[in-house]
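Below: the structure, in structure tokens.
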């Protein structure tokens, strides 16, 4: 594989950006949908144009070799990969650049960095793949710090031990998704955790942000795959016992899962793995009515069948992202197993869909292949398209489009009102900000008691004003989610950007407990200040 | 149903104690196994013989009507229901009797009690069903307290709301298992949480101790059934948002699940429910070799089939508790569903067993019955026997037998060595304490990465010395569990009795976080002092 260059301003690798025919087709599709859009591209500024100043920090001698003050490196560690990050990068608005990027190679070096920064009042921003979409890795600091370092865990990227019997592995936090899977594949194992950011995010990032995987039901959130965590805090290092389950007190790991770098640095974890699937079944079900489609999806979620994929696309989503015109939406259904053919499961799920008026344009397709070639199955095709979406977003963001997603979870009883309120709030905000476009909705994850709806906004913005337009839309839909019983985030984390709603959703005693924990483990308040907590 | 009388000294209701023919048969079985046992029964002391003094506390006027200083009431709230509790009760050793039993009927009364006790330095022991087996509800206090009250939540026992669409209910913490199921049954719903203590334990107790349910795999621990918790702490009240899932920061609920009454009083919860099962399949698989039986069980645990029952009984357990003589043990397999027949699932599980040399004495039995009559199925029979076990324990404890269980969980790779070490430690401790008997093992819960082994000790003790004998055996097996990678408890909680091992297993940063949380939420240290934490 040829080494590629990570984009400092947008998603992924620069070599993989949308270009040529793919770009022409994308632009053409957008013009068809939004003929009035001004799609003049914004040029990407050069690093020198950004005017990044000299680093305000000098590392102690022993750590200097780990530190980079290169402006390009620092620029790439300034923002995450949200729409608002890309827009700011393209505009050259890098207001909070880290002074240094520090790449420790051992745990002792992490301890030394934390000691130095604790002594010197330097903010430390833990950095995995940098794919935060909530301002989680941005040194946007309220407090009075001597500076900020981005602590890039990328050098800690090894699989240290594999326990084939228990199907588990001890893995360092800085490993990226593809490298991890490549190392597990020879053992017939997989973490099977495929968030959209898979190629450009790390195990440590998934753990710190409680990432949601690709699969629709069952154990899909990273939390459930953790046997044991190892965490370095400014006050000391801890490792939980490697256990399949324990009832001894509140779970130690659950305090650090979702702590988003504010309580400590997750350096490694024992993760539960799975055998690589062999049997697969997939199909698409069409509905003429959305409410009925939702009811069918709920029936499957409550059936105990646990499909790996059960993604209800509403009509707009089906049209835009799957090219299918169906009034009530499309349910994409899939089952996978490493142990047994999945026909019985699929047949019952299809029966439930038909009971709710769903129709199958084609019968379910089944495969029995231990190692499917890339791009061979429908699921692979969909996955390729899925992984291309952030690149498309970049191309459109550079052309004054507003292209962004937001997500939540709520109980089934509240979903109709929540959905209606979000549609209303989004449309009102699009109108009031002068943007024209569409809102789409799909379910990314399903639980017996509720779905995780994932919304997309695709709108023509005003050149130079899309950041402000999006911020207004985001605030409006967030209020709607909050008012109608949704969480402010199902799997995008809190970071700095979700704080206004997170603060209102978090129970007061837990807020007090979290603050007390923070003060105890990070007494100088150096770890990712402003994320989750005011300090 | 006729009202029954709760036993102050032993399990359950006095009317249901083992007696008559059932007692004769039990004694006869024990004599056959342990002919040398001295089975002279110890009489149950009368309450007056216990010499319980006058309460040292007087409640404020507004709370007086909620408080009982009746010696029988206080005696019944002194100990949990472990073997060592029963033995101490029969010996009249009630060293730490609560001064008052307080039964609040509203949240405001709970707040008032906490305020009074915080002001007056009185320890508060939250009490659900009182079925702790780890000293969790015993006012055994190290600190200097003005007294202790047992806060009995039994008056808060209502199902407040049912959401049929999302299959969830808002339930008060003080409800007992059977009353809860009776209220959910008309709606076709069930919490399906059936710990062995089911009849005499409460929702609040299950939540505070992270109880494990009856089912072997999947979502069986109470943690996974929680949508939202409501908790009153001495520093304020909090309620988490009702959500199917959320990725917003560390889970607030997971901090209180397993807090064992040390951080606050859980007053109610929104719980995820299930449709009542209709289709059932069950079978028993015999093995000639235990290691192979373990391997078969592991294969099922890693298959994704998720059986409701998958209980591997070793040879001693199969002989003692199922009356089956099989050299390698018996795997009791079951599937249940409210949605679909379970043949496909069972057939694949049986195939996995046969691949590992398992043999079925009879083909699997399947039923299709929405409301099975009590006692009709094998599973019901087993469940009845299961629920009788604590009564048998009492009868034998009163006859100088040592009858107790301990449990753990470990990864599969460690199980053989852990099992061998526990067998060796138990046998050595039995010998050194002069007890003779047997150790049994079954798996109560299964995870893809490891089992939860549950051990039983059945031994003839020395009259008057069984408490000391058991404590020595327990310490020895706990050391073996600890040394071989097991948790000190999979589902019996920590309480006061597991502290020596819990303290060694808990990561230091989490211990510091828990202590900081405790100090913040319960600044006067009144809540269940000595449980989980030194204060």
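Residue numbers (our numbering), protein chains in the order written: chain V, 1 to 535; chain A, 1001 to 1535. For every residue, glycine included, the Cβ atom is placed at its ideal position computed from N, Cα and C. Predicted model, so just to flag it, every value in this text is computed and none were measured.
Contact set for residue i: own chain, Cβ-Cβ below 7 Å, skip 5 residues either direction
i	result
residue 170/V	160, 161, 268 and 270
residue 1376/A	Unreliable positioning characterises residue 1376/A in this predicted model, as indicated by a pLDDT of 46, which lies under 50. A coordinate reading is not provided.
residue 430/V	436, 437, 459 and 473
residue 536/V	Outside the modelled stretch of chain V, which goes from 1 to 535, sits residue 536/V, for which no answer is possible.
residue 27/V	39
Whole-Å CB distance - residue i paired with residue j, under 8 Å assumed
i	j	result
residue 136/V	residue 535/V	That belief does not hold up - the Cβ atoms of residue 136/V and residue 535/V are roughly 16 Å apart, past 8 Å.
residue 1425/A	residue 1479/A	7 Å
residue 1212/A	residue 1195/A	6 Å
residue 1057/A	residue 1112/A	So it is not a contact: roughly 15 Å between Cβ atoms.
residue 1092/A	residue 1050/A	5 Å
residue 102/V	residue 149/V	5 Å
Between the CA atoms of residue j and residue i - distance to the nearest angstrom
i	j	result
residue 1257/A	residue 1266/A	9 Å
residue 1273/A	residue 1228/A	13 Å
residue 105/V	residue 166/V	29 Å
residue 461/V	residue 385/V	24 Å
residue 208/V	residue 128/V	10 Å
residue 1205/A	residue 1173/A	8 Å
residue 341/V	residue 1344/A	10 Å
residue 1284/A	residue 1080/A	34 Å
residue 1537/A	residue 1293/A	Since the first residue of chain A shown is 1001 and the last is 1535, residue 1537/A is not available in this structure.
residue 1505/A	residue 241/V	7 Å
residue 315/V	residue 289/V	9 Å
residue 29/V	residue 1275/A	46 Å
residue 464/V	residue 78/V	21 Å
residue 1391/A	residue 1018/A	6 Å
residue 495/V	residue 73/V	22 Å
residue 1190/A	residue 336/V	29 Å
residue 358/V	residue 287/V	5 Å
residue 332/V	residue 215/V	12 Å
residue 1310/A	residue 1217/A	8 Å
As assigned by DSSP and simplified to three states, the class of residue i
i	result
residue 1510/A	helix
residue 1505/A	helix
residue 1418/A	helix
residue 515/V	helix
residue 1384/A	helix
residue 67/V	strand
residue 1445/A	strand
residue 153/V	coil
residue 1531/A	coil
residue 120/V	helix
residue 321/V	helix
residue 1008/A	coil
residue 390/V	helix
residue 162/V	strand
Beta-carbon proximity list for residue i, same chain, < 6 Å, skipping 5 on both sides
i	result
residue 1399/A	1039 and 1041
residue 366/V	281
residue 1158/A	1172
residue 1319/A	1325
residue 245/V	none
residue 231/V	238, 256, 264 and 266
Own chain partners of residue i with C-beta closer than 8 Å, once the 5 adjacent residues on each side are dropped
i	result
residue 409/V	445, 447, 450, 451, 452, 453, 486, 487 and 490
residue 1295/A	1356
residue 1013/A	1004, 1005, 1006 and 1007
Looking at chain A, which residues of the segment 443-472 of chain V have a Cβ within less than 8 Å of any of its Cβ atoms? If the cut-off is 8 Å between Cβ atoms, the segment 443-472 of chain V has 445, 447, 448, 449, 450, 451 and 452 near chain A.
Cβ-based contacts, 9 Å cut-off: residues of the segment 1480-1513 of chain A near chain V: Here the close residues are 1485, 1486, 1487, 1488, 1489, 1490, 1491, 1492, 1493, 1494, 1498, 1501, 1502, 1505, 1506, 1507, 1508, 1509, 1510, 1511, 1512 and 1513.
Below 8 Å between beta carbons is the criterion; list the residues of the segment 1276-1308 of chain A that meet it against any residue of chain C, in chain order. The displayed structure is made up of protein chains V and A, and chain C is not among them.
Selection of the segment 1156-1169 of chain A by Cβ proximity to chain V, strictly under 9 Å: Across the segment 1156-1169 of chain A, CB contacts with chain V closer than 9 Å involve 1163, 1164, 1165, 1166, 1167 and 1168, in sequence order along the chain.
Quick one: which residues of the segment 324-342 of chain V get their C-beta closer than 8 Å to a C-beta of chain A? List them in chain order. So the close ones are 337, 338, 339 and 340.
Could you please tell me which residues of the segment 1394-1413 of chain A, in chain order, have their CB closer than 8 Å to any CB of chain V? Going along the segment 1394-1413 of chain A in chain order, one finds 1409, 1410, 1411, 1412 and 1413 with a Cβ nearer than 8 Å to chain V.
Mind listing which residues of the segment 1241-1255 of chain A have their C-beta closer than 8 Å to chain V's C-betas, in chain order? Answer in chain order: 1241, 1242, 1243, 1244, 1245, 1246, 1247, 1248, 1249, 1250, 1251, 1252, 1254 and 1255.
Taking only beta carbons into account, state which residues of the segment 1227-1239 of chain A come closer than 8 Å to chain V, listed in chain order. So the close ones are 1227, 1231, 1233, 1235, 1236, 1237, 1238 and 1239.
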